[in-house]
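Asker:
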Amino acid sequence: MGKLKNLNYKKIKKIGAGGYGEVYKCRNKVTGQKVAIKMMTIQTEQEGVPSYIIREVSLLKELEHENIVRLLDVQSGWTDVFLVFEYLDLDLHSFITRHKTTLNSLVIKVSKIVCFILSGTPFAHCLNEISSSIRQHMVH
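Residue 52 is where the sequence shown starts when you use the numbering used here, and the numbers rise one by one after that.
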């Protein structure tokens with residue numbers, strides 16, 4: 052993660068990992084804004100940026116909705132691509148994990164979560180975009 056030294060971000064901690072990269076909670080050194088940075092390594096045997104990264108960036112740039120995490124910036128180097136997202140203190144996965152409550156209370160909370168998901172999904176569909184990489188961490 053030392054590669055972030057060339058960017059204006061300071062790593063705070065690792066907050067996730069997936070098939071295509073690792074996600075870190077960071078702070079912008081200039082503004083102090085908290086962000087989430089997904090670091091994706093480009094395989095050296097390929098020439099250029101892989102198509103799955105181009106697809107993800109294109110999709111995320113088009114999706115501007117209050118219930119979908121925002122892509123703020125894209126930075127790239129020779130072997131890495133950094134996707135800079137708004138940082139969420141609480142996402143859907145964290146919410147579900149933290150709130151082990153009574154059944155009635157949980158049903159009410161789940162219904163609110165479903166409303167958030169359902170309000171963001173049609174927005175993506177109307178742009179003819181939907182991605183299998185949209186995860187519970189992207190819903191707020």
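Note that beta-carbon positions come from the ideal geometry of N, C-alpha and C, so glycine has one too.
Spell out a yes or no on whether the stretch 57 to 67 and the stretch 101 to 120 are touching, meaning 3 or more CB-CB pairs, one atom from each, closer than 8 Å.
Answerer: no
Asker: Mapping the DSSP letters down to three states, classify Lys80 as helix, strand or coil.
Answerer: coil
Asker: If distances are taken between C-alpha atoms only, which option among Val132, Leu58, Leu122, Arg106 comes closest to Gln94?
Answerer: Taking only the C-alpha atoms, the option nearest Gln94 is Val132.
Asker: Please state if the CB of Ala87 and the CB of Tyr138 are separated by a distance shorter than 9 Å.
Answerer: Contact: yes.
Asker: Applying the 10 Å Cβ sphere with the 16-neighbour rule, what's the burial state of Ile119?
Answerer: buried
Asker: Among Thr82, Val135, Gln84, Thr148, which has the Cα closest to the Cα of Gly72?
Answerer: Nearest option by C-alpha distance: Val135.
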